[in-house]
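K.L.:
First the structure, then my questions, so here it is.
There are 8 protein chains.
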Amino acid sequence: MDQKQLKKLLRQYRTGTRGDEELLTLLASHFSESVGFATIDHHREYRQGFPEVILCEGKTPKQVTEIAQRIVRHGSVLLATRATGKHYAAVRRHLSRAKYDEVGRTITANEHLVKPAGRGMILVVTAGTSDIPVAEEACTTARLMGNQVDRIFDVGVAGIHRILAHSEKLRNASVIVVVAGMEGALASVVGGLVRVPVIAVPTSIGYGASFGGVAALLGMLNSCAAGVTVVNIDNGFGAGFAASLINRST
Amino acid sequence: MDQKQLKKLLRQYRTGTRGDEELLTLLASHFSESVGFATIDHHREYRQGFPEVILCEGKTPKQVTEIAQRIVRHGSVLLATRATGKHYAAVRRHLSRAKYDEVGRTITANEHLVKPAGRGMILVVTAGTSDIPVAEEACTTARLMGNQVDRIFDVGVAGIHRILAHSEKLRNASVIVVVAGMEGALASVVGGLVRVPVIAVPTSIGYGASFGGVAALLGMLNSCAAGVTVVNIDNGFGAGFAASLINRST
Amino acid sequence: MDQKQLKKLLRQYRTGTRGDEELLTLLASHFSESVGFATIDHHREYRQGFPEVILCEGKTPKQVTEIAQRIVRHGSVLLATRATGKHYAAVRRHLSRAKYDEVGRTITANEHLVKPAGRGMILVVTAGTSDIPVAEEACTTARLMGNQVDRIFDVGVAGIHRILAHSEKLRNASVIVVVAGMEGALASVVGGLVRVPVIAVPTSIGYGASFGGVAALLGMLNSCAAGVTVVNIDNGFGAGFAASLINRST
Amino acid sequence: MDQKQLKKLLRQYRTGTRGDEELLTLLASHFSESVGFATIDHHREYRQGFPEVILCEGKTPKQVTEIAQRIVRHGSVLLATRATGKHYAAVRRHLSRAKYDEVGRTITANEHLVKPAGRGMILVVTAGTSDIPVAEEACTTARLMGNQVDRIFDVGVAGIHRILAHSEKLRNASVIVVVAGMEGALASVVGGLVRVPVIAVPTSIGYGASFGGVAALLGMLNSCAAGVTVVNIDNGFGAGFAASLINRST
Amino acid sequence: MDQKQLKKLLRQYRTGTRGDEELLTLLASHFSESVGFATIDHHREYRQGFPEVILCEGKTPKQVTEIAQRIVRHGSVLLATRATGKHYAAVRRHLSRAKYDEVGRTITANEHLVKPAGRGMILVVTAGTSDIPVAEEACTTARLMGNQVDRIFDVGVAGIHRILAHSEKLRNASVIVVVAGMEGALASVVGGLVRVPVIAVPTSIGYGASFGGVAALLGMLNSCAAGVTVVNIDNGFGAGFAASLINRST
Amino acid sequence: MDQKQLKKLLRQYRTGTRGDEELLTLLASHFSESVGFATIDHHREYRQGFPEVILCEGKTPKQVTEIAQRIVRHGSVLLATRATGKHYAAVRRHLSRAKYDEVGRTITANEHLVKPAGRGMILVVTAGTSDIPVAEEACTTARLMGNQVDRIFDVGVAGIHRILAHSEKLRNASVIVVVAGMEGALASVVGGLVRVPVIAVPTSIGYGASFGGVAALLGMLNSCAAGVTVVNIDNGFGAGFAASLINRST
Amino acid sequence: MDQKQLKKLLRQYRTGTRGDEELLTLLASHFSESVGFATIDHHREYRQGFPEVILCEGKTPKQVTEIAQRIVRHGSVLLATRATGKHYAAVRRHLSRAKYDEVGRTITANEHLVKPAGRGMILVVTAGTSDIPVAEEACTTARLMGNQVDRIFDVGVAGIHRILAHSEKLRNASVIVVVAGMEGALASVVGGLVRVPVIAVPTSIGYGASFGGVAALLGMLNSCAAGVTVVNIDNGFGAGFAASLINRST
Amino acid sequence: MDQKQLKKLLRQYRTGTRGDEELLTLLASHFSESVGFATIDHHREYRQGFPEVILCEGKTPKQVTEIAQRIVRHGSVLLATRATGKHYAAVRRHLSRAKYDEVGRTITANEHLVKPAGRGMILVVTAGTSDIPVAEEACTTARLMGNQVDRIFDVGVAGIHRILAHSEKLRNASVIVVVAGMEGALASVVGGLVRVPVIAVPTSIGYGASFGGVAALLGMLNSCAAGVTVVNIDNGFGAGFAASLINRST
């Protein structure tokens, strides 16, 4: 049900063609679908331009499969994040075309339904090799939301020439996602070099007093470079999603 | 010196018209200006599209004044944040046209030089009355970067109908800045209602276990609504700046 | 020994019918039972209206079994929380009618002894699917304390219409338990919608800077909605117990 | 506008007697009143049974006064918490009958409009003398919400007989608010003694590793006594409010 | 080498009977013994009245065995704490009379060499059943340092009568060790009841916001009862050791 | 009322010479005295051997004065800690013989009533000059509880010979209180040198990452020297009190 | 390519012998080598005097092997830290001469290429046996950077004579690395005894409130001994590296 | 008393020329001087090559003056840090030639006694203008310890070209002190550019989630650039001291 149908329905209600109960039933079935343990928010695609995404962490393989089936059946693009091999095995049994990316830990399906949405290029940069899984989660999210994605990996500030060598790529991007653990300084350096929005993703990479990503998170929140905004630790999905919203309007 | 002049200079160096020393002197004087206690980054306007902003906190009135004078003299728009009355008094003695906003604690000058840059509307929303100073810092920053700004104040989630009543304004914005203290839940609710980027600013408003804004910061970082990115506690300037970068390309 | 018998005993002591030693022995055996590693508080049922509950975490299957047997033998309702499959296997060997709920991880027995105690409906609401185990612990606790329980699951604030669609259930409840991880914003939204007590249970669901439930805990403690009180992270039992105390007097 | 009038209005809209614009204007003016820096939630009285309460902290005396006037003018009971002498001085200039409680730091007016709401007694207990200001905030809140309030002060657990001596008062209360700083152990002891809901308020009283009330907060959240729920540090208002909601239904 | 022999040696050095090298060699061999990965502090028995204790955590079974052998060979009482089954298996292979306490996780040997040292009774009290392992570590330590030890287990404050019922044991102790997790309130209650030193041991028992014992630790440090001192979380050994030092002088 | 009178009273009750009401009244008046804002625990002297001590922090000068008068009138030794000049000025107006120690911030009176209680010497050691105020609070407390007190000040571990030079004093003490800020290492060094109980008091002295005494507190809790117990940050009173309990039985 | 070749290349570019593209290609290939998931910083050896070191944590055995091969092929000394047995097994398959140190968890190769660089002795000291793995990581790092290394293990401050007995070794070192867990006090004591730089490495050894090394970290940062600098928790590599830089110039 | 005299004294004791008491008195008076509230460590100059430095924070002006006088009288260079104007006023009354640096807050005297000690240049770099006070404390410390000092101020990473423009100064330094607040990223960038030791000083400059310097501290501890060591927040003195120890041996 798109925005047009929705308006028609509301006009019918207003003019009395449809009654109270009828309206509520139709809206409810359109907006959300209850499967006992979950209330699937089909309305989200209408509100946000992208269907509900499944966070697999904390859900059983069976729960993930059931939600995934309904999203696919509803004719939406499927994206499930933080998926283990077990989640994928369960999903594939019912959705044989679903794909799994081991590095970024995402399950996807219906990718052929993706429509190009962003006008510019989303660039995903990492400080180290260990940050790549989080970066790939961001890349897959952005790709499924209809964006072109480019990558620069392992260019942390301890060798500042590594990132400086990519100045052209940096200049050409319309949004940049910087993924970094340890002290997270790469976000400040990139933020100071470009004139486009930079989304910083702290990762839990590091040891000792990195406190599972807190050091990088604080470093990014306190960035001396203006224009840097931050998402949760290891939240590649969130960064890819926000980057897509920004790029959509470019 | 704009990008064109810069390229010309480099070509002259390449062809031997200008020597090593000459090049470095010209570049250095263009890029940054040293005043002993500060290295003013005039190059920033070239890189980021907006001149260096003065963070008054931690600087003496005399230091702020000296930096402000050079920015104004360089023909740039002046924005100084976290300014006390004392900072303003000192600045006004040398820059009689400088203005002070007591609520948002900003000093501004050369505002007539601001060029319209953003294509859409930046909407700044607060959860409470006490969040307004931070919101005004964001508004002033966005305005000086050439954007149109709209406001909705005191619509926290304890009375959810207050924000729902503004659905049209929310829909029409191209970027939304949500300023909230306490548990910061407003960012999640707004993030779930719209399809544009939401920048969340936690404020230090609250008491007890709000820990000077940490509760709101964590709430916003863990927002269940995708597309929300976060800046530092009370960092209205950072939110206004990032919103401007996003809006510029809209 | 009920309150009446207790008073009689005390009067006998006062009049000299019973001596010091006799009184102490009778009271001690009534109040608590020592099994070496545990001092079972049979007096709790008298004081609080519900027998001691076994927290299995940190206890061996053998210890849990021994305590469970004595509670059942004493003619009380058995509730054991945070029980693993191993705990249950051990208990079942001696109490063949004991039941296990895998989701909420509770062992129960003597449920037929439960007397209806609450006058209203206790409503348990979760923000996500992953919060359900904690919610079920609350539900079982409330049910065993004699209450009627209703559920609404997976209605987090990122899709605010999901909770608004249940306004009637919310209005009809006499106490509401809100179970949420991540930023825990659902507690504030529900708290602002109703006029009955809301008990918020932060869960350890979330990642990165959710810090095992601290983000949700702080969010709930700082709720801008008055009337919300909070229990420990993942403490479904505590919420169910407090809700029962409130509902009992309704 | 009471619930009856509201329903009538909606029926008129349904039958076409009132148009879109008319409906929204009427509802908006009823629900909330905008004064620029604040959106007063008059609807709260309808939803929660008590009008909006002003948290003075973070608001200027002028802002507090303006909001207070509108609440009083709307015919509601006025409660303003965390008020300084300056706030009161400003309010009194326009609301000459407003009263100020220096200990609990509350401003009140229209108290004659309070209707008895609670059926039982709300008992407020403190561990020490220094906890009294927070306790008085709770007492005033409960009183203005139509409850009878009783007090026991300075009965911390270091002298356990002090609280045991009040067993009758404890038994007769319908809700108990325990206000304690330092280690906050009083909440656990009281929680273990009674069969009614206990609301624990940690206070920032203490020194060294009390961390402004964190020690007491954690102590209360981890209380080994079931039935204890917790509000924010120093949040006497929140405790009084929640206690009133509980007592209302008793 | 006891204090007398030591003094004689020093006098010989002073008078020239023994030279520099000879003195240093004798002292070094007496004071500490190097085994590459460890410098065994035999001098500790001289200084503190009890030989070095082996903390097994972080040491390999082989390392523990080697140190244990030297302590036993040196004719000292052996106490090894935090020992796993693997540590014990390795030790027993070389010290066949070594004993292992599975609950308290201690390995002991040469217990027949223990001399009665304390004049009074050391009483070890726990709040719950899960605190017993830590309590037993304290008991074993105190016993091996020559003290009489008594126990009261599972008498937490949620049922205050349980600890009050033991007033005689409390009165007769010369030092009391209180072992408690969760909010750790038992230390305050006991501290307020007695006139002897109380050593509080926070345990990591609890969940959610107990933060691995931090809640209990803070509760005990902020105890409103004077005379309570605190050791590290789960540090039964430290408490037993300090209690022994106190009791020794009784 | 001493222990003997108490027993007599109880026997009279048992034999019926005194009735219920009479007994309770007598006990209550003996045990505690209510002054509205405070419940003075006169029973404490009976239980703990020392009367209630007034913590002035968080109390008004008037409240302190009123409690002080009742303690003095009751014939007890007065000790008030954390007293400001204002507290003292108020107290002196009614208790002209009260004395004030500016360094340790204590008010004392009735010191002539102190009876020698401890058999050994309590030694108070500080790491630096800035730790002296906390040390003096401990000294005054110990002195008023009837102990002999000795001092060694400013002997931190950065110059290890300074503390080693005092080995005789260390050996002769029966309890040692170590007061140290910064990293608090002095407690470990002293603890390793002696065979008597060591009570460590972390102070809030230090800067940067000392976090108001947390660094010292953690250092002391994790002391590698057995026999060290810890009190709250800056809690000189607590250390002096615990040292007195230990020394009393020496 | 050494510094001389580099300068020649730049002169050729300046005189036009080499064009833009040619220069960039040559420089890029020299400076860094991209292997998709990693950008190997060969330039580091030029800038810092030591080739890139592989932090194995967070990298797959395959990734480590691929980077290791390129470093060895480039003719550099190989050092890989935090290597598990799996990492080593994979590396050895392609680099049969690579060695593994199980204690310090390092993989090394091409050690014959190491050139003596430091003039003095680097001394590595540990407080306990459990700190040895971290110490060995520091030793291997220093050795591979061309330094002589000496060790003193298990000389914590609880037996202060143990470290004092090594005064000669301490005096002869040119840099000292102190590795300690628990309260980390050894760094302060050593720092106060010597006149050379001391690098403190906090370890995660300890339990309870050591918080994975935070107690030691804070203790070392707050050291009362001047001249002590600190690296991350368990960061033996960082300490060995910094010590080498210092010793190199000795 | 220099090392030669000390050895002579010890030989005299060894041969019997001097007795026990005589030796101890001479050593004690040489090593430390007691002034009641302080034990001045004159021995420090012998051990560490620099006399005791006075940390004024936490000391009264009178205490500072008394210690300063004794240091000057002893013929040593005077350095007092964290001095307020009041401290200086008091010191100057007795030491008229003492000088005060308002920016770095240091009092100095006897500077003519400073002997050149370091062979290289110590370079102090700051990220911002507000970091200058801490930097000046480091500069003064290094200067008084006999070093040449150079400065680069306000070259934070948001404009990376600012620090790159100083590559020559960076290359010529023998030790570099990096002073930075906010995210502290400058330390990583500098650490990656040079081959000399880098000492990082986090400052408390920043706001919101900088937590008084914790963000910078964590950033620096987790620096991805090897060779960076860290001192306490705002500890310019510690950095200057450590840099001097390093430079001394260059």
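Chains as they are written, first to last, in the numbering used here: chain A, 1 to 250; chain B, 251 to 500; chain C, 501 to 750; chain D, 751 to 1000; chain E, 1001 to 1250; chain F, 1251 to 1500; chain G, 1501 to 1750; chain H, 1751 to 2000. Even glycine gets a Cβ: it sits at the ideal position worked out from N, Cα and C. None of these values were measured; they are calculated from a predicted model.
What whole-angstrom Cβ distance do G431(B) and A475(B) have, given they're in contact under 8 Å?
P.N.:
So it is not a contact: roughly 18 Å between Cβ atoms.
K.L.:
Under 9 Å, Cβ to Cβ, is there at least one residue of chain C near G434(B)?
P.N.:
yes
K.L.:
Pull up the distance between the alpha-carbon of L420(B) and that of R369(B), whole angstroms please.
P.N.:
Counting only the Cα atoms, R369(B) lies some 16 Å from L420(B).
K.L.:
Measuring only between beta-carbons, confirm whether P279(A) sits less than 9 Å from chain C.
P.N.:
Nothing can be reported for residue 279(A), as the shown portion of chain A is limited to 1 through 250.
K.L.:
Measure the Cβ-Cβ separation of A1617(G) and V1572(G) and say whether it is below 9 Å.
P.N.:
Taking 9 Å as the Cβ cut-off, A1617(G) and V1572(G) do not qualify as a contacting pair.
K.L.:
Tell me the rounded alpha-carbon separation between R1297(F) and S994(D).
P.N.:
39 Å
K.L.:
Measure the beta-carbon distance from R151(A) to V124(A) and round it to whole angstroms, keeping in mind my assumption that it falls under 8 Å.
P.N.:
5 Å
K.L.:
Can you tell me whether L1995(H) is helix, strand or coil according to DSSP?
P.N.:
helix
K.L.:
Can you find a heavy atom of the ligand ATP that lies under 8 Å from the Cβ of I1040(E)?
P.N.:
In the structure on display, the ligand ATP does not appear, and there are no ligands present to speak of.
K.L.:
Considering only the beta carbon of each residue, do L578(C) and I607(C) sit closer than 9 Å?
P.N.:
yes
K.L.:
Between the alpha carbons of V1134(E) and G212(A), how many angstroms are there, rounded?
P.N.:
Approximately 29 Å, taken between the alpha carbons.
K.L.:
Using beta-carbon positions only, say whether G227(A) and C139(A) come within less than 9 Å of one another.
P.N.:
no
K.L.:
Please classify Y1263(F): does DSSP put it in a helix, a strand, or coil?
P.N.:
Note: Y1263(F) maps to helix in three-state DSSP.
K.L.:
Which residues of chain C have a Cβ atom closer than 8 Å to the Cβ of K62(A), listed in chain order?
P.N.:
Those do not exist, as K62(A) stays about 11 Å from chain C at its closest Cβ, beyond 8 Å.
K.L.:
Using a Cβ-Cβ cut-off of 7 Å (strictly less than) and excluding sequence neighbours within five positions of T1750(G), which residues of its own chain qualify?
P.N.:
Confidence at T1750(G) is low in this model, with a pLDDT of 46, below 50, so the placement of that residue should be treated as unreliable; the coordinate-derived value is given next. G1618, R1619, G1620 and S1674.
K.L.:
Over what stretch of residues does the alpha helix (DSSP H) that includes R573(C) continue unbroken?
P.N.:
P561 to R573
K.L.:
Would you list the one or two residues that DSSP bridges to M121(A)?
P.N.:
Q148(A)
K.L.:
I'd like to know whether the C-beta of V1155(E) is nearer than 9 Å to at least one C-beta of chain F.
P.N.:
no
K.L.:
So V1927(H) and G1990(H) are in contact, right, with Cβ under 8 Å, and what is the actual spacing, rounded?
P.N.:
7 Å
K.L.:
Tell me which residues share the same chain as L55(A) and place their Cβ nearer than 7 Å to its Cβ, disregarding the 5 neighbours each side in the sequence.
P.N.:
T81 and R82
K.L.:
Given D1502(G), which residues of its chain have a CB within under 6 Å of its CB, disregarding the five upstream and five downstream residues?
P.N.:
For D1502(G), the pLDDT reaches just 49, beneath the cut-off of 50, and the residue's location in the model is therefore unreliable, leaving the point undetermined.
K.L.:
For a cutoff of 9 Å on Cβ pairs, would you count N1472(F) as touching chain D?
P.N.:
Not an interface residue.
K.L.:
Assuming the contact rule is C-beta atoms closer than 8 Å, T379(B) and K836(D) should be a hit. Round their C-beta distance to whole Å, please.
P.N.:
16 Å between Cβ atoms; not a contact.
K.L.:
Output the distance between the C-alpha atoms of A1908(H) and R355(B), rounded to the nearest integer angstrom.
P.N.:
The alpha-carbon of A1908(H) is positioned some 23 Å away from that of R355(B).
K.L.:
For A1959(H), return the contacting residues in chain B, with the cut-off set at a CB-CB distance below 8 Å.
P.N.:
G463, V464, L467, N482 and I483
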